[in-house]
Amino acid sequence: MSLTHLNTRGEAHMVDVADKAETRREARASGYITMQPATLALLSAGGLPKGDVLATARIAGIQAAKRTHELIPLCHMLALSKVSIDFEINETESRVEATATCRLSGRTGVEMEALTAVSVACLTLYDMCKAVDKDMIIGEIKLEAKTGGKSGDYYREPERDSPIVTGEYRSGEVTVGLRQDTPCVHVKCLAELRERLGINELDVPFESLKEQTVAGLKAILRERDERFFQLDDSRVLCAVNQVMGSDGTPLTADDEVAFFPPVTGG
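Here the numbering used here = 1-based position in the sequence shown + 18.
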């Protein structure tokens, strides 16, 4: 494998993308900033001296994505169609977790834009909070996923110590596990998808679905655990009660929904 930003003489150069096909490309990156619990409480309550911290950091991240080519020497100027910055307050770890998503239809990917956006969003959080807490730490800025382009799709593998879930599993405000007493939708992840997610099977309370369809099920899974963004891959198939389904397939309590990669063979 060669580095595309080096020419045959080993010199840095900008890659010529003129002959590449335009495709829909998207990338998602994440990071976090850890702070003192008292600082996090002030941030949550809007009590910091500089005002609305998250709104400012969101704008900064969006601006940074649009100007990535000015910061990273060999990046192209891109006409981004979407930049979104989302934050989650993690009181258990005393940190703010940031996720940046960038999208376009073009000839080159948006990984650097997503990474730059989440980096600057976290740096802005530091700037907004440093008056009361200079011990903050920015950590684990990483690419979570990218889709589109010649190199294909990428999804970060779960941590090696992530268990394959076969018992109760807690995620956010929703508790999922095997065969709860409450009406549930039983979810199975099969084959390679099971390994990528680190999850075998689980139950989702039926009443937690805002939309009682496969799309609604995916939404609640994504909301509670970012690993389930992998279900958005158009190549991932699903079956409801062993019959092929789609995002629009309606669900009822006690349905079994299986997600799996394409099956090939002769």
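The beta carbon of each residue, even a glycine, is placed where N, CA and C say it ideally should be.
Residue i, enclosing beta strand (DSSP E) - first and last residue
i, result
"residue 157", "155-165"
"residue 47", "41-52"
"residue 121", "113-124"
"residue 221", "219-223"
"residue 215", "First-last for residue 215: 209-215, but that is the alpha helix (DSSP H), not the beta strand (DSSP E)."
"residue 258", "255-258"
"residue 261", "261-263"
Reduced DSSP category for residue i - H, G, I as helix; E, B as strand; rest coil
i, result
"residue 106", "strand"
"residue 271", "coil"
"residue 250", "helix"
"residue 69", "coil"
"residue 95", "coil"
"residue 234", "helix"
"residue 64", "coil"
"residue 138", "helix"
"residue 57", "helix"
"residue 89", "helix"
"residue 79", "helix"
"residue 276", "strand"
"residue 100", "strand"
"residue 84", "helix"
"residue 266", "coil"
Beta-carbon gap between residue i and residue j smaller than 8 Å
i, j, result
"residue 148", "residue 119", "no"
"residue 144", "residue 156", "yes"
"residue 57", "residue 150", "yes"
"residue 216", "residue 253", "no"
"residue 161", "residue 271", "no"
"residue 214", "residue 274", "no"
"residue 164", "residue 210", "no"
"residue 200", "residue 232", "no"
"residue 45", "residue 115", "no"
"residue 146", "residue 92", "no"
"residue 98", "residue 122", "yes"
"residue 205", "residue 269", "no"
"residue 277", "residue 249", "yes"
"residue 103", "residue 79", "yes"
"residue 40", "residue 113", "no"
"residue 140", "residue 64", "no"
### Task
Tell me, please, whether the stretch 256-268 touches the stretch 219-227 by the rule of three or more beta-carbon pairs shorter than 8 Å.
Segments in contact, no.
### Query
Would you call the stretch 105-114 and the stretch 82-95 touching, i.e. three or more CB-CB distances under 8 Å?
The answer is no - the stretch 82-95 does not touch the stretch 105-114, with fewer than three Cβ pairs under 8 Å.
### At least 3 beta-carbon pairs within less than 8 Å: the stretch 159-172 vs the stretch 236-243
Result no; under three Cβ-Cβ pairs closer than 8 Å.
### Task
Could you say if the stretch 62-71 and the stretch 124-136 meet the contact criterion of at least three C-beta pairs nearer than 8 Å?
Between the stretch 62-71 and the stretch 124-136 there are fewer than three C-beta pairs closer than 8 Å, too few to call the two in contact.
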